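If you're matching them up, the sequences are chains A and B in order.
Residue numbering for the first sequence follows the working numbering, starting at 6 and increasing by one per position.
Residue numbering for the second sequence follows the working numbering, starting at 7 and increasing by one per position.
Backbone N, C-alpha and C fix where the C-beta goes; we use that ideal spot for every residue, glycine too.
Remember, it's a predicted structure, so these values are computed and weren't measured experimentally.
A short write-up of the structure that comes next.
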Amino acid sequence: MTLLLKTLTFCAALGAADLAAAAAELSLAANTTGKNVHFMREQLDAFEKKTGHKVSLVTMPSSSSEQFSQYRLWLAAGNKDVDVYQTDVIWAPQLADQFVDLTAAAKDVVGAHFPSIIQSQTVNGKLVALPIFTDAPALYYRKDLLEKYGKTPPKTWDELAATAKEIQEKEHAAGKADLWGFVFQGNAYEGLTCNALEWIKSSGGGQIVEPDGTISVNNEKAAAAIERAKSWIGTIAPEGVLAYQEEESRGVWQTGNAVFMRNWPYAYALGNGDDSAVKGKFDVMPLPTATDGDKPSSALGGWNLAVSKYSDEQEAAIELVKFLSSKDVQKARALQLSQLPTIAALYDDAEIAAAQPFMPNWKPIFQSAVPRPSAVTKVKYNEVSSKLWSAVHNTLSGDGTAAENLELLEVELTELKGDSW
Amino acid sequence: MTDLTVADARAALAHPSHINSDLKAQRVRSAWVFLAPTLMVLALVAGWPLVRTIYFSFTDASLTNLGGAEFVGFQNYLSWITLKSGRTIYKGLLADPAWWNAVWNTLKFTVISVSIETALGLVVALVLNAHFPGRGLVRAAILIPWAIPTIVSAKMWAWMLNDQFGILNEIFVGLGLISQKIAWTASPDTAMVAVLIVDVWKTTPFMALLILAGLQMVPIDIYEAAKIDGVHPIRVFWRVTLPLIRPALMVAVIFRMLDALRIFDLIYVLTPNNAQTKTMSVLARENLFDFDKFAYGAAASTMLFLIIASITVLYMWFGRVNFEGGER
C-alpha cells in the first residue's frame, strides 16, 4: 500500500502527462555470470519504486557467444517482448541497426563516462548503448602459496609457468593432488579469443586484425605465444581447461585448487565472499607479458545497455538504461560485484578504494586495453572470432602446430575479408 | 455386418465398381475431410518452413535483411572462379572442409550410437519380456532417461563429466581405473565418446520399448514348438525370435537413425564449437545465427534434409521396411 501511495504521489508530482509512461512494463535481457542477476534485481526494485514501472528480468546463457545469437534471433524477428538488452562491448557494430539512438537522451550524462568507452558504443555517429561497467582481466594469484614457497608475483608468462609448476609439484608431493598451477578460459568460444589476443599481443604478435584492416595474425611471435600456451595444457593447467569458460575456471580457483587464474574483475568480490575457500588469500595484478618490462595487454571487455527499436516502451526503457548506467548504480556495482565503473570520477571514490583496493590501479590498465577487432571487421567479427578460437583451440588440443594453424587461419581470414571488411 | 458371408465379400471385391462405387467414393471423401486439418497443419508447420529454407539457400539473405534477399543460384552450394594463373578456386558448402567434417561426424555418430543402442535395446527388451515379479515397475523405471528433456540430461551429464568436480572421474579414480582425471568433453579423443555415452544412456530405453512391442507380437506357440523339438535357446533366438521381430526392429532403427542424423541439442550443450563433435545441424545453426551467413546456413539445412531423405529412402529400399509390419 505504501508503495502504491508513493507511486501515486510521484505520478501526481510529475503531472498527468507521465501517467501513461508510469505504467510501462519492461523486460531486460541480462547476463547470469556471478551475482549479476541478483544485483540487477535489487537495482530494478529500486527503479520500480522510483518510477512505478515494472521490470522483469530475462536471464541469458553464461556463454556470451550463445547470448549473442539469441539476441540476433530475437532482433531479426522484431521481438517486442524484450525492451532492453545487456550487450557486450564488441556487439555495437553488429547490432547497431536494431537499437535506438541514445545520443539525444544521454547528452547530459555521456560526458562523465570515459570517452573511449562511449566511442566504442558509437557507430556512424549513433550512440547504440550506454555502458554499465567496463572490464579488463587480471591475473589472480594466491598470496599465501607464493609466500610459502618464497615466490614473487610473475611478470612474464615463463615466470608464471615456472612458479606454477614448482608450487604445483611441491603441493602435490605434500598431498594436495587436486591443485593446479594455472586456470584460464580455453573453451572454443569468445572467451578464448580474448585469452589468445592477450597472449599474442603481449608477445608483440599484433592484434589479429590491425585497425587498418590488415590481417596480421600469421607471424612467428603469435605462433610462439600460442605454442607457449599449449605447453601449459596438462602440465600446469588441467586438460579440462579446454572446456572451461569463466565460471568453470572460477570454480577451480574459488575452491582453492589453483595457484593462478586469468579472469575478469567480477571474480574478485566473489573470491572474497564468505563461502570462498580463498577468501583473503589472494590478490590481483596485471597479466604477464612475454619479456619483462613490456606493456601488459588485457582484452577490453565491458557491458552496456541498449534499447530495442522494436520496443513499445522506448521512453521508459531509455529511463531504465540511464538509471542503471548512472553513477550511483555503478558505484553499488563496484562495491558489491567489483566490476569496473565507466565513470572517471568513481576511481577517486574513497569508499570504492576501501572495498576494492585493486580498483584505482585498474584505471590505466583498461584504458590501455586491447580491443578485439570488432570495429574493423564489422558484421564479420563473429566469424573472425570463431575462426581464431578454432585455430587456437585446435593447437591447444594438439591438432596441428600453431604455425600450421595460423597459416591456415590467415588463408581463411583473407577469403572472409574479400575486397574489404 | 456380421451376416456378410465370405462369398459376398469376394463378390464385392471382384466387382467393386458395381456395388461399392458410391460407398467407396463417399469413404474416400470422408477420409480426405478427416485428413484435411492434419495436412493443413503439416503444410503450415513443416512444409512452409522447408520451402522457405530451400528458397533462402538460393539467395544472399542475411538474418537482418530477409526481405531484401536476392537470387544467386547455386552460389551457396558451389561456385568457382578461375584465376589468371589458371588455378581454379572452389567456394561454397560443397567445397567447405568444415561441412564435410560435420557430415563425417554426423555419420560416425549415427552409425556408432544406433548400433550400440540397438544391441543394448534388444538385450533390455529380451529381459523385460521375461516374466518376473515387479516387471511393470522396471518397465516404467527404465523409461526415465527417455522421459527427461535432452537439455536437462545433457546439462546433468555435463556436470557428471566435468573434469574437476565430476562424479565419473571421482568414481573411476577411486576404483583405480584411471590414474588421472579425464577431461571428457574437452579432450579431442574423448569428446565424441562423451556424447555417445550420454546418447546411448538416453535413447536405449526408446529402442528397448519398440523392440519389446515387437517381441510381444511373437506367438508363444512357436516357442513351445521349438521347446518340444529341443532346439537350443540361442538357436531359437537367431532362427525364431530375430526373424519375427525384424520388422519392428527395422522401424525402431529408422526412427533412431532419423533422430541421430539431426542430433543437435546434446552436442550444443555438451561440446559446443568442438570440431570433433560438430554435426550438420550444429554447423547449420552456427551459420544461420552466429555468423552473418543466413543463406549459407540455409544451404547447409537443405543439404542436411537431402542427406537424411536419401539415407532413409536407401535404408527402406535395402532393408525392405514396411511400416505396416511384415515384409514388403
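What residue range is occupied by the uninterrupted alpha helix (DSSP H) comprising residue i?
{"i": "TRP105 of chain B", "result": "103 to 135"}
{"i": "GLY325 of chain B", "result": "300 to 325"}
{"i": "PRO365 of chain A", "result": "364 to 372"}
{"i": "ASP50 of chain A", "result": "41 to 56"}
{"i": "THR80 of chain A", "result": "Reading off the sequence shown, one finds Leu at residue 80 of chain A, where the question assumed Thr. Start and end: 69 to 81."}
{"i": "LYS59 of chain A", "result": "Here LYS59 of chain A belongs to no alpha helix (DSSP H); instead the beta strand (DSSP E) covers 59 to 64."}
{"i": "SER391 of chain A", "result": "386 to 401"}
{"i": "PRO211 of chain B", "result": "197 to 221"}
{"i": "PRO151 of chain B", "result": "150 to 153"}
{"i": "LEU351 of chain A", "result": "Here LEU351 of chain A belongs to no alpha helix (DSSP H), and DSSP marks it neither H nor E."}
{"i": "LYS422 of chain A", "result": "407 to 422"}
{"i": "THR156 of chain B", "result": "156 to 167"}
{"i": "LEU294 of chain B", "result": "Note, LEU294 of chain B: premise wrong, no alpha helix (DSSP H); not H, not E."}
Looking only at DSSP bridge pairs, what is residue i linked to?
{"i": "VAL188 of chain A", "result": "A:MET266"}
{"i": "ALA104 of chain A", "result": "Here residue 104 of chain A turns out to be Phe, not Ala, going by the sequence shown. According to DSSP, which records beta bridges pairwise, PHE104 of chain A is partnered with A:SER313."}
{"i": "SER32 of chain A", "result": "A:SER61"}
{"i": "THR92 of chain A", "result": "A:ASN309"}
{"i": "ILE238 of chain A", "result": "A:ALA242"}
{"i": "VAL179 of chain B", "result": "DSSP output for VAL179 of chain B lists no bridge partner at all."}
{"i": "VAL214 of chain A", "result": "A:ILE220"}
{"i": "VAL375 of chain A", "result": "A:ALA304"}
Relative to the alpha-carbon of residue i, which residue among the options has its alpha-carbon at the smallest distance?
{"i": "LYS233 of chain B", "options": "B:ARG245, B:ALA258, B:GLU76", "result": "B:ARG245"}
{"i": "LEU276 of chain B", "options": "B:PRO194, B:ASN82, B:LEU113", "result": "B:PRO194"}
{"i": "ALA169 of chain A", "options": "A:PHE265, A:ALA350, A:GLN103", "result": "A:PHE265"}
{"i": "TRP394 of chain A", "options": "A:LEU151, A:PHE189, A:SER61, A:TYR194", "result": "A:TYR194"}
{"i": "LEU100 of chain B", "options": "B:THR112, B:ASN107, B:TYR83", "result": "B:TYR83"}
{"i": "ALA230 of chain A", "options": "A:ALA201, A:GLY239, A:VAL214", "result": "A:ALA201"}
{"i": "VAL416 of chain A", "options": "B:ILE95, B:LEU48, B:PHE64, B:VAL319", "result": "B:ILE95"}
{"i": "ASP299 of chain A", "options": "A:ASN399, A:PRO243, A:GLU203", "result": "A:GLU203"}
{"i": "CYS199 of chain A", "options": "A:LYS156, A:SER391, A:GLN72, A:LEU31", "result": "A:SER391"}
{"i": "HIS58 of chain A", "options": "A:ALA339, A:ASN366, A:ILE323, A:VAL397", "result": "A:ILE323"}
{"i": "THR196 of chain B", "options": "A:PRO270, A:LEU247, A:ALA234", "result": "A:LEU247"}
{"i": "ASN129 of chain A", "options": "A:LYS336, A:ALA97, A:TYR352, A:TRP426", "result": "A:ALA97"}
{"i": "VAL228 of chain A", "options": "A:GLY239, A:THR240, A:GLN212", "result": "The question names Val, but residue 228 of chain A in the sequence shown is Ala. That would be A:GLN212, whose Cα lies nearest to the Cα of ALA228 of chain A."}
{"i": "VAL129 of chain B", "options": "B:ALA214, B:TYR321, B:TRP38, B:PHE40", "result": "B:ALA214"}
{"i": "LYS385 of chain A", "options": "A:THR419, A:SER302, A:GLU176", "result": "A:THR419"}
{"i": "GLY98 of chain B", "options": "B:VAL109, B:GLY140, B:PHE40, B:PHE80", "result": "B:PHE80"}
{"i": "GLU171 of chain A", "options": "A:THR127, A:MET45, A:LEU151", "result": "A:LEU151"}
{"i": "LYS327 of chain A", "options": "A:LYS54, A:PRO136, A:THR219, A:ALA34", "result": "A:PRO136"}
{"i": "LEU320 of chain B", "options": "B:TYR302, B:ALA304, B:MET256, B:MET162", "result": "B:MET256"}
{"i": "HIS177 of chain A", "options": "B:GLN186, B:ASN111, B:GLY172, B:THR112", "result": "B:GLN186"}
{"i": "ARG326 of chain B", "options": "B:ALA254, B:VAL199, B:MET286", "result": "B:ALA254"}
{"i": "ALA321 of chain A", "options": "A:ASN41, A:THR56, A:SER331", "result": "A:THR56"}
{"i": "TYR343 of chain B", "options": "B:GLY303, B:LEU167, B:TRP323", "result": "Missing from the structure shown is residue 343 of chain B; chain B here goes from 7 to 334 and no further."}
{"i": "VAL288 of chain B", "options": "B:ALA37, B:THR112, B:THR65", "result": "B:THR112"}
{"i": "ALA104 of chain B", "options": "B:LEU50, B:ILE317, B:MET322, B:GLN282", "result": "B:GLN282"}
{"i": "ALA189 of chain B", "options": "B:ASN168, B:MET162, B:ILE148, B:VAL179", "result": "B:ASN168"}
Answer yes or no: the CB of residue i versus the heavy atoms of the ligand MN, is any distance below 8 Å?
{"i": "ALA311 of chain A", "result": "For the structure depicted, the ligand MN is absent and the ligand set is empty, with no information on it obtainable."}
List, from N- to C-terminal side, the alpha helix (DSSP H) runs of 4 residues or more that fit wholly inside the stretch 226 to 283 of chain B.
226 to 234, 239 to 242, 248 to 267, 271 to 276
Contact between the stretch 197 to 209 of chain A and the stretch 282 to 291 of chain A: three or more CB pairs below 8 Å?
no
Would you check if there are 3 or more beta carbon pairs closer than 8 Å linking the stretch 203 to 219 of chain B to the stretch 245 to 263 of chain A?
no
Are the stretch 306 to 317 of chain B and the stretch 211 to 228 of chain A touching, with three or more C-beta to C-beta distances below 8 Å?
no
Quick check: the stretch 160 to 172 of chain A against the stretch 272 to 281 of chain A, are there 3 or more CB pairs under 8 Å?
no
Would you call the stretch 175 to 184 of chain A in contact with the stretch 246 to 253 of chain A, where contact means no fewer than 3 C-beta pairs closer than 8 Å?
no
Which runs of the alpha helix (DSSP H) at least 4 residues long sit entirely within the stretch 246 to 293 of chain A? Give them in chain order.
251 to 259, 271 to 276
4 or more residues per run - each alpha helix (DSSP H) lying fully within the stretch 117 to 203 of chain A
120 to 125, 148 to 153, 162 to 178
Counting only runs of 3+ residues fully inside the stretch 32 to 106 of chain B, write out the beta strand (DSSP E) ranges in chain order.
85 to 88, 94 to 97
Please go through the stretch 303 to 349 of chain A and give each complete beta strand (DSSP E) segment of 3 or more residues, from N-terminal end onward.
306 to 312
Taking one C-beta from the stretch 305 to 323 of chain A and one from the stretch 97 to 107 of chain A each time, how about it: are there three or more such pairs within less than 8 Å?
yes
Whether or not the stretch 289 to 306 of chain A and the stretch 366 to 373 of chain A are in contact is what I'm after, with contact meaning three or more pairs of Cβ atoms, one per stretch, closer than 8 Å; do they touch?
yes
Counting pairs of Cβ atoms below 8 Å between the stretch 327 to 345 of chain A and the stretch 357 to 364 of chain A, do you hit three or more?
yes
Touch test, the stretch 60 to 67 of chain A against the stretch 292 to 300 of chain B, Cβ-Cβ under 8 Å, three pairs minimum
no
Determine, using beta-carbon pairs with one atom in the stretch 245 to 264 of chain B and one in the stretch 220 to 228 of chain B, whether at least three such pairs fall under 8 Å.
yes
Using 8 Å as the cut-off, can you tell me whether the stretch 39 to 50 of chain A makes contact with the stretch 261 to 275 of chain B, which would need three or more C-beta pairs spanning the two stretches below that distance?
no
Report yes or no: do three or more beta-carbon pairs, one from the stretch 231 to 242 of chain A and one from the stretch 396 to 404 of chain A, lie closer than 8 Å?
yes
Contact between the stretch 152 to 161 of chain B and the stretch 271 to 288 of chain B (3+ Cβ pairs under 8 Å)
yes
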